[in-house]
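Some notes on the structure that comes next.
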Amino acid sequence: MTQQDRTVQGAGPRGQGDNLRVDGAALWHDLMDSARFGATPKGGIRRLALTEEDRQVREWFVSACEALGCAVSYDSMGNIFARRAGQDNILPPLAMGSHLDTQPTGGRFDGILGVLGGLAVLRSLNMAGHVTRHPVELVCWTNEEGSRFSPPMMCSGVFAGVFTEHEVLEKQDRAGQRFGDALQAIGYKGAEPCGQHPLTAYFELHIEQGPILEAEGHTIGIVRGIQGARWYEVTLRGREAHAGSTPMPMRHDALVAAAGMVLAVRHVAMQHAPLAVGTVGLVENRPNSSNVVPGEVFFTIDIRHPEDAVVVDMEKALMGDLERLAAENGVLLDVKRIWDAPAVPFDPACIEIVAHAADQLGYSAREIVSGPGHDAGYVARVAPTAMIFVPCKDGLSHNEEESILEEDAEKGANVLLSALLAADAHFSRGA
Ligand SMILES: [Zn+2]
């Protein structure tokens, strides 16, 4: 970025943009306060999408945004937009955000940091009386986790045209409740059709959810993109039989077949080291009785790699292994690929803006590719996008013990603020 850009960057009425910082103590207070909704005894959060806990945190969030003078609206998928007016309100907004839903045993920072970091940015702009040229919007995306309603990032997906509104509304949780009914029930089905909402650019602050930044002593991850991922649902059908009287060679044991497949998933990922990952995280064994040979097993597979071509190779190898293991164990195999997320490269200008912001603030930073998927991965299809990572303790996430340093939360939000102001200048050129 040139010196000239930096002059434009501070071009609010009071010209204070370059020196703005977030109030780290207020951000931390918000993070701890929001952790009340769905708090678990172990200090984590259980706040599944579209539950009562989700409704409560939304109400809390909307009040906080309104207290800062934002106009709050939500679209037909329940995505929340808190808008702070700019100098030129015809321009599509500069957006930042993430999600407030969690895994069943989730932590206090995954997603939440991005939303409340955005709140800290808005607060800082207000304190300084700094009016950006573009309007600024803070977005809370519905159902990022995909834990109750699969797949994840469902509503940023509708926003970006990846899924249709209809198919998402018809999704059911494992208890059979429709997504559309659950959304209606918490009162967040808005009038604006999802996706009719152009953005000038989008920045998402998030915890890394991996160990790299912490291990290398960096505070900021400049995220270049998101790796490709594919998810599968596998059902194995063998035959239930008495555990005492059925000779070993005569069994059709679905769980033994599944055990081999779990190891095959690990093996395929190891064959594509160091960047590939493969996981079986959900297993259901039926009838799950100590003296019955398991007759049916359902499990999921998740494979990822930064390059799409490698994901395709992994899938090919894996499917061969699954078929072989099913045949060896005399069970029927049914595999469905339920999610295919190609690798996402972020916008070069937005990546550069984040890198420059971290550098100007004097924070130690490195480039990184995101292992997990994020709402930003879908938003990147419809708006210039980048992400900012901060370390989490021991790389632990999707865990009640998920933990970050208060100073890292503050620094991440400072990068978000600086990036937003730089983007306001960058995207004003020619606007
Ligand atoms: Zn997240």
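Per the numbering used here, residue 999 is the first one in the sequence shown, and the count goes up by one each step.
Note that beta-carbon positions come from the ideal geometry of N, C-alpha and C, so glycine has one too.
Nothing here was measured: the structure is a model prediction, and the numbers come from that model.
- Taken in chain order, the complete alpha helix (DSSP H) segments of 4 residues or longer contained in the region 1200-1232 are 1210-1214.
- Exclusion of residue 1300 from the 7 Å shell around ligand 1 follows from its C-beta lying no nearer than that to any non-hydrogen atom of the ligand.
- Taking the Cβ atoms as the reference, residue 1421 lies roughly 6 Å from residue 1351, within the contact range of under 8 Å.
- At a threshold of 7 Å, residue 1122 does not count as near ligand 1, since its beta carbon sits no closer than that to any of the ligand's heavy atoms.
- The residue from 1316, 1285, 1300 and 1295 with its alpha-carbon nearest to that of residue 1265 is 1316.
- Beyond the five residues adjoining it in sequence on each side, residue 1406 comes within less than 7 Å, by CB distance, of 1217, 1388 and 1389 in the same chain, given in chain order.
- Taking every protein chain shown into account, the CB of residue 1385 has 16 or more other CB atoms within 10 angstroms, so this residue is buried.
- Assigned with DSSP and collapsed to three states, residue 1303 falls in strand.
- Of the residues 1072, 1172, 1123 and 1412, the one whose Cα lies closest to the Cα of residue 1193 is 1072.
- Note on geometry: alpha-carbon atoms of residue 1363 and residue 1191 lie some 38 Å from one another.
- Look at the beta carbons and you see the region 1074-1087 touching the region 1125-1135: at least three pairs across the two are nearer than 8 Å.
- Residue 1238 has its CB no nearer than 7 Å to any heavy atom of ligand 1.
- At least one heavy atom of ligand 1 lies less than 7 Å from the C-beta of residue 1109.
- C-alpha of residue 1109 to C-alpha of residue 1273: approximately 24 Å in a straight line.
- Nearest C-alpha to residue 1056 among 1041, 1067 and 1079: 1079.
- Taking the C-beta atoms as reference points, residue 1052 is found nearer than 8 Å to residue 1184.
- Using a cutoff of 7 Å, the CB of residue 1368 does not count as near ligand 1, since none of the ligand's heavy atoms is closer than that.
- Residue 1144 and residue 1153 have their alpha carbons spaced roughly 10 Å apart.
- Taking 8 Å as the upper bound for CB-CB distance, residue 1094 and residue 1414 are in contact here, some 6 Å apart.
- Boundaries of the alpha helix (DSSP H) around residue 1064: 1050-1065.
- Assigned with DSSP and collapsed to three states, residue 1249 falls in coil, not helix or strand.
- Rounded to whole angstroms, the gap between the alpha carbons of residue 1213 and residue 1403 is 14 Å.
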